Structure formats: structure tokens, C-alpha cells
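To convert, note that position 319 of the sequence shown is 319 in this note's numbering; the numbers rise steadily by one, no gaps. Taking it in order: structure first as C-alpha cells, then the write-up.
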Amino acid sequence: MSKESLVKVSPHLETKALSILNVKSPLDSPDFDPTQYLNKLFPTEQALASVDGVLDKLQFKIDEMSQEAERLTDTQSNKGALKGNKDLDKAKEAIKELFQQIQDIKSKAAQSESMVQEITQDVKSLDYAKRHLTHSVTVLKRLQMLVTAVDQLETMSKNKQYKESAQLLQAVIQLMQHFKSYKSVPQIAQLSDRITALKKHLETCVIRELETGFNQGGQLIGQPWLLHDACLVANVLGETTKERIIKRYVDLELVNYRQIFRPMEEVSQLDNVSRRYAFLKRILKVCDDEHAEIFPTSWAVSARVCEKFCEYTRSDLDLVMKNNPCDVKDLLKALQLTIEFEGRLNKRYEKHVSDMYSCHSEGG
Numbered sequence: 001m002s003k004e005s006l007v008k009v010s011p012h013l014e015t016k017a018l019s020i021l022n023v024k025s026p027l028d029s030p031d032f033d034p035t036q037y038l039n040k041l042f043p044t045e046q047a048l049a050s051v052d053g054v055l056d057k058l059q060f061k062i063d064e065m066s067q068e069a070e071r072l073t074d075t076q077s078n079k080g081a082l083k084g085n086k087d088l089d090k091a092k093e094a095i096k097e098l099f100q101q102i103q104d105i106k107s108k109a110a111q112s113e114s115m116v117q118e119i120t121q122d123v124k125s126l127d128y129a130k131r132h133l134t135h136s137v138t139v140l141k142r143l144q145m146l147v148t149a150v151d152q153l154e155t156m157s158k159n160k161q162y163k164e165s166a167q168l169l170q171a172v173i174q175l176m177q178h179f180k181s182y183k184s185v186p187q188i189a190q191l192s193d194r195i196t197a198l199k200k201h202l203e204t205c206v207i208r209e210l211e212t213g214f215n216q217g218g219q220l221i222g223q224p225w226l227l228h229d230a231c232l233v234a235n236v237l238g239e240t241t242k243e244r245i246i247k248r249y250v251d252l253e254l255v256n257y258r259q260i261f262r263p264m265e266e267v268s269q270l271d272n273v274s275r276r277y278a279f280l281k282r283i284l285k286v287c288d289d290e291h292a293e294i295f296p297t298s299w300a301v302s303a304r305v306c307e308k309f310c311e312y313t314r315s316d317l318d319l320v321m322k323n324n325p326c327d328v329k330d331l332l333k334a335l336q337l338t339i340e341f342e343g344r345l346n347k348r349y350e351k352h353v354s355d356m357y358s359c360h361s362e363g364g
């Protein structure tokens, strides 16, 4: 270390420190001057005779200082090592505590995750139970409504309250759709059998009402409102029942036509084709004036009468022209009358056909 790098203090402070440290040897003085010190030891030439003794003392002092330095070094080293060990132990202990805290946090996190999973599972179970309970309550309500409707339907059908029966039957059919998957349940199976029996009973009743409502000549003899309500039930029962009623009505309305215009009769010849069309006109007037309120508009029964009339007429005229020679004049006249007749039919049912196509378009 250079002399310039030493920390300098005031002479007063230095003297005070030496006094506190009890420094007596001039060798320990910070102002030690070797030349001055030698002059004090050997002030004269005679004093040089004791130089060996002085050297021994100096060597002893050097050894003593070396031992003291080693002692101080060892002490300082031991203190440093001891302090280092203590610091290391503290660091290890801190690391252990930190590791334990991390383990505790990890354990608590695992417990929290497990708790969250349990809570989630409980919530799912509760949600499933809620949905199941809601579904069960809905099924029970529908079943109660179905049983009530079936009981009422049995009463209404016995009393010939067909209008109310039609509404109840529609409700019963819709409600029964929800119990298709429960047919294996005995009570539901029994209820389904009751409904089937009721439908058959109602079908028999309404067909009988329509059969007795018209005589063999197609004239109305029953109560129109009762027949109308019976048709409402038939409409709910489905196409089979509806077609059965329409077919019978069409046959009844054309029974007189078939009897009068036989193929071999004079009235059935080609020159009397106008009488055929006039006969249909009278039938349609009866349908419009007396029977229109009986059948639902969607059934288009008068159109079905016209359709069947055209089939009969075409077949009859075909047979007439095959069996009898045709006069060209009569043929042209019949053709003209037929074209006019077809035009009137097209005009009459144009709206019905248009509405029918509109319904199909909306349904599609």
C-alpha cells in the first residue's frame, strides 16, 4: 500500500488514539522514523558495540509481531468462518422455511382444486336433478291433462257433443304424442287403449250421423249443425275417415244422375249433352245452398262431386260414341258445350285451386 493511499487524520486525533490503545513502543508509532530511531540507539561509536543485542531485540520484536499477526489472522479467519457458517445455516433454514411454505401453498392449492371439483360435481348433480325434476313435473302435468281430457271425451262422445269432442280429441292426440316412449308402462298402455277405443267409437258415430243425415237420393234429412260438428270430429280423426264420408256423399249426390243418364238411354246421347251439364248445375246449387255449411271448406266436396261427374260423363260419352254413329253437327255442338262447361268449372274452382297451392307453398 503506498504512503499516499493511507488515510490521514489530525495529529490530535492520532495522539488520542495512541493513548487509548496504550501504544508505548516507538516502532508502533505512526510517525516512526528509522534514522532517528537508530541515532537514539547508537548515539556514539562506542554504542555500536551493543548492536548484536539490539538486533536480537529487534528479531524478538519481529517474531513477536509475526506471532501476533498470525494470531490476529487466525482469530479473524475463525470469526469469519464462524460468521459464514452462521449465515449459511440461516440461509439454509430460510430456504427450508421457504420450501415448506411452497409445499404448504401447493398442498392448499391441491385441496382448493379438489374442493372446486367437488363443488362443480355437486352443482352438476343438482342441475341434472333439477332438469330431471322439471321434466318429471311436466310429464305428470301432461299426464293429468291427458287423463282429464280422455274422461271428458268419453262423456262428450256419449252425449253426441261432437263439437266439444273434436276439440278434446285434438288435445288428446297432441298430448299422447308426449307419451310414445312410455307405451311399456302399463298405465300408459291402458290409457292408449282407451284412446284407440274412443277414436273407433267416434268414427262409427260420425259416419252413422252422415249416413243417416242424407236419404238414398242425397237429400238432407238430418240436422245440419249436428252433421257439421260430426265432420269436425272426422277431420281430427284423419284422412281415412274424411275420405270415407266424402266418397259416400259424392255417390249419394250422383246416384240419380247415374240412374237417369244410362249409356243406352235416349237422354244419354250426344245431342243431349247439355242436359247432363244442367243436371250437374242443379246438384251444385243444392250443395251450395243446403249442404255447404255441413262440410269444412277445406274438404271441397262440391269439387269432388264435379270431378266424379266428369269421370262418369267422359266414360258414358266414350261408350255412346263407340256404339252409335256420330253426326258431325251434334259432335261440334257437344264439343262447344263441353268447352263452355269446362270454362265455368275452371272459373268456379280457380280460387280454391289458388288457395290450395298457396297453402302448399306456405307449408313447404
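Think of the CB as a built atom: it goes at the ideal place given N, C-alpha and C, for glycine as much as any other residue. These numbers come from a predicted model, not from an experiment.
A residue is called buried once 16 or more other Cβ atoms fall within 10 Å of its Cβ, and residue 209 is buried on that count. Rounded to whole angstroms, the separation of the alpha carbons of residue 285 and residue 245 is 20 Å.
Note that the C-beta distance between residue 146 and residue 176 is below 8 Å. An exposed status is given to residue 264, since fewer than 16 other beta-carbon atoms sit within 10 Å of its beta-carbon. Shown here for residue 155: not one same chain residue has a beta carbon closer than 6 Å to its own, the five before and five after excluded. Look at the beta carbons and you see the segment 255-263 not touching the segment 174-192: under three pairs across the two are nearer than 8 Å. Assigned with DSSP and collapsed to three states, residue 214 falls in strand. Each residue's CA atom was taken as its position, placing residue 171 and residue 149 some 7 Å apart.
Each residue's CA atom was taken as its position, placing residue 173 and residue 295 some 22 Å apart. The beta carbon of residue 251 is closer than 6 Å to none in its chain, skipping five residues each way along the sequence.
For residue 236, same chain residues with a beta-carbon under 6 Å away, outside a window of 5 residues either side, are 166, 169, 170 in chain order.
Each of 217, 215, 218, 201 was checked against the Cα of residue 230, and the nearest Cα belongs to 201.
From the listed residues 160, 222, 90, the smallest Cα separation to residue 233 is found for 160. Around the beta carbon of residue 320, a 10 Å sphere encloses 16 or more other beta carbons of the protein chains shown; the residue is thus reported as buried. In summary, residue 276 is buried, with 16 or more beta-carbon neighbours lying within 10 Å of its beta-carbon over all protein chains present.
Cβ-Cβ separation between residue 302 and residue 288: approximately 7 Å, consistent with a contact (criterion under 8 Å). Around the beta carbon of residue 60, fewer than 16 other beta carbons lie within 10 angstroms, which makes this residue exposed.
Scanning its chain for C-beta atoms nearer than 7 Å, with the 5 sequence neighbours on each side dropped, one finds around residue 195 the residues 150, 172, 176, in chain order.
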